[in-house]
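Chains as they are written, first to last, in this note's numbering: chain L, 1 to 268; chain E, 1001 to 1240.
Worksheet: the structure to be examined is printed underneath.
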């Protein structure tokens, strides 16, 4: 359905009809469902939403994010991750027992951490480190990308992450807030990953991205290893969509995928 | 009815014709949103930063985010020179632009934070505040902020007895007969409400009504240009 995806601007009518449900980035004006944000409109069943193409990262519950410790309080840490407001990592949300006087020994100012947003309340954002795969960042490199391109870097059900890891032998953790942590066995490989990630961000609007990225990886002198879930070719077909919509629309699956990625990384 | 002294526009435009428009979204890579809007000899750039935490803390609003607009002309924007820094005029324009934009912007999802809009005029040939508003509306949309609708703005004027759309500097300085009148108008895209209306000069009630109608038509055309610019925005930010 080509009509399904089009770029809309605020105030533009996406669809008219009483049985459509206005979702993220839209509102109802009598019979019309109107865009409230600039982005890609998608109609999934009867649910209408707008997927932003640019702008800051807006935190959502369940997101995996990478942030920096900016303050230490009586019972936890304050983490900055490039969104308005700071998030709070409570002492209770850390995997092991920490003495209240020794908070700095576990996480110090300036440390980067991978955490998950478990609650967004009126008073702030609460994050957790309790699940496997979350924790302090040690080694590797941290790069910034446009948060709106994150779904493209992850790829359909993590296909792109697997592709990169297979080719470079590096682990990468993608924070939904546009931070990517790359960690591999050598600096050269890490730099290659960075090049690939930058290539994906630059060319995110191109259809058949997976194929392009594969060619780019070959251009770097690396070999494309087809990992466990082999049918990459199938996924290539699925990628032929102009923007990151299909990834976002199945955001929940990405989330799970993210956790899974992290788990895999830990067990390796 | 006395015939108007202003019979033909200097640049040969029709009285309801806009100057040629050029516009581009995403001109400043490090910003959260940015846009350029050019009409004839007037060019405005707008940059959006935020939402981000507002300091000092006592200015924070725990119910909603706030909008701050900063308008300024660059020293070299006119033939003479503009003294850099805030002036009575630039403060006023910042304020009216802020009011106009906050009528469509919904920042209730970002309490205690601020969205900063910086409007700069590198080149001025009248109508800078409306060009700035057009750029700012695009930049805010580019920043992915929730807006009920877009804003388009145009300056309508009166030279002696003739109503003109999109006044340039020469028309702003037309001092024959009844003299010049300058009416910047901003119209929202969906509800067609008036978000900004200022008047400098003198005009009769019926003429003002007519001028606003002309502005509404012109804003419709500007909206199309804004829409096109946003829809043709490239994936990443670029600065060619």
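Backbone N, C-alpha and C define an ideal beta-carbon position, used for all residues, glycine too.
On a predicted model such as this, the values are computed, not experimentally measured, just so you know.
So, at 6 Å on beta carbons, what are the nonlocal neighbours of residue i in its own chain, with the 5 sequence-adjacent residues on each side left out?
i, result
"residue 1216 of chain E", "1187"
"residue 16 of chain L", "31, 32"
"residue 1090 of chain E", "1071, 1072"
"residue 1110 of chain E", "1051, 1065"
"residue 246 of chain L", "With a pLDDT of only 38 at residue 246 of chain L, under 50, the local geometry of the prediction cannot be trusted, and the value read off the model is given with reservation. There are no such residues."
"residue 1203 of chain E", "1158, 1181"
"residue 1019 of chain E", "1039, 1040, 1166"
"residue 1069 of chain E", "1094, 1097, 1098, 1117"
"residue 1199 of chain E", "1183"
"residue 236 of chain L", "Because the pLDDT of residue 236 of chain L is 35, which lies under 50, any placement of that residue in the model is unreliable, and the question is left without a value."
"residue 1027 of chain E", "1034, 1036"
"residue 1005 of chain E", "1160, 1176, 1177"
Using a C-beta to C-beta distance shorter than 9 Å, which residues of chain L count as neighbours of residue i?
i, result
"residue 1112 of chain E", "84, 85"
"residue 1032 of chain E", "54, 55, 56"
Less than 7 Å separating the beta-carbons of residue i and residue j?
i, j, result
"residue 1046 of chain E", "residue 1139 of chain E", "yes"
"residue 177 of chain L", "residue 82 of chain L", "yes"
"residue 22 of chain L", "residue 48 of chain L", "yes"
"residue 180 of chain L", "residue 224 of chain L", "no"
"residue 1126 of chain E", "residue 1039 of chain E", "no"
"residue 1116 of chain E", "residue 1049 of chain E", "yes"
"residue 112 of chain L", "residue 137 of chain L", "yes"
"residue 182 of chain L", "residue 135 of chain L", "no"
"residue 1190 of chain E", "residue 1149 of chain E", "yes"
"residue 42 of chain L", "residue 5 of chain L", "yes"
"residue 94 of chain L", "residue 129 of chain L", "yes"
"residue 168 of chain L", "residue 148 of chain L", "no"
"residue 1104 of chain E", "residue 1036 of chain E", "no"
"residue 88 of chain L", "residue 55 of chain L", "no"
"residue 1195 of chain E", "residue 1154 of chain E", "no"
"residue 1230 of chain E", "residue 1136 of chain E", "no"
"residue 46 of chain L", "residue 19 of chain L", "yes"
"residue 1084 of chain E", "residue 1075 of chain E", "yes"
"residue 1143 of chain E", "residue 1032 of chain E", "yes"
Show which residues of chain E have a CB atom less than 9 Å away from the CB atom of residue i.
i, result
"residue 34 of chain L", "1148, 1149, 1190"
"residue 25 of chain L", "1144, 1146"
Who are the neighbours of residue i on chain L, taking C-beta pairs under 8 Å?
i, result
"residue 1056 of chain E", "Going along chain L, no residue has its Cβ under 8 Å from residue 1056 of chain E, so there is no contact; the nearest lies around 16 Å."
Round the Cβ separation of residue i and residue j to the nearest angstrom and send it over; I've been treating them as touching at under 8 Å.
i, j, result
"residue 1097 of chain E", "residue 1119 of chain E", "7 Å"
"residue 172 of chain L", "residue 192 of chain L", "With a Cβ gap of about 11 Å, residue 172 of chain L and residue 192 of chain L do not count as contacting."
With respect to 6 Å, is the separation between the Cβ of residue i and the closest non-hydrogen atom of the ligand FMN below this value?
i, result
"residue 1164 of chain E", "Among the ligands in the structure shown, none appear at all, so the ligand FMN cannot be discussed."
Strictly below 7 Å CB to CB, what residues from chain L border residue i?
i, result
"residue 1231 of chain E", "7"
"residue 1053 of chain E", "84, 85"
"residue 1227 of chain E", "9"
"residue 1141 of chain E", "9, 10, 38"
Leaving out five residues on either side along the sequence, give the residues of the same chain with a beta carbon under 7 Å from the beta carbon of residue i.
i, result
"residue 1042 of chain E", "1123, 1124, 1125, 1126, 1127, 1128, 1131"
"residue 1113 of chain E", "1050, 1051, 1052, 1053, 1054, 1065"
"residue 1022 of chain E", "1038"
"residue 1093 of chain E", "1071, 1129"
"residue 1003 of chain E", "none"
Looking only at its own chain, which residues have a Cβ that is under 8 Å from the Cβ of residue i, when we skip the five neighbours before and after it?
i, result
"residue 27 of chain L", "33, 34, 36"
"residue 1007 of chain E", "1162"
"residue 184 of chain L", "140, 168, 169, 170, 171, 190, 193"
"residue 1213 of chain E", "none"
**OP:** Note down, one range per segment and in chain order, each beta strand (DSSP E) of at least 3 residues found wholly within the stretch 1141 to 1189 of chain E.
**Re:** 1151 to 1159, 1162 to 1165, 1180 to 1188
Original post:
Can you list the alpha helix (DSSP H) stretches of 4 or more residues lying completely in the stretch 16 to 88 of chain L, in chain order?
Top reply: none
Original post:
What are the start and end residues of each continuous beta strand (DSSP E) run of 3 or more residues lying completely inside the stretch 180 to 208 of chain L, in chain order?
Top reply: none
Original post:
Whole beta strand (DSSP E) runs in the stretch 1113 to 1145 of chain E with 3 or more residues, listed along the chain?
Top reply: 1113 to 1123
Subject >> alpha helix (DSSP H) runs contained entirely in the stretch 99 to 154 of chain L, provided each spans 4 or more residues >> reply: 103 to 106, 150 to 154
Original post:
Hey, which unbroken runs of the beta strand (DSSP E) at 3 residues or more fall wholly within the stretch 1194 to 1232 of chain E?
Top reply: 1194 to 1197
Subject >> Residue ranges of each beta strand (DSSP E) within the stretch 1037 to 1074 of chain E, 3 or longer >> reply: 1042 to 1053, 1066 to 1073
Original post:
Mind pulling the alpha helix (DSSP H) runs of 4 or more residues that sit fully within the stretch 1077 to 1105 of chain E?
Top reply: 1088 to 1102
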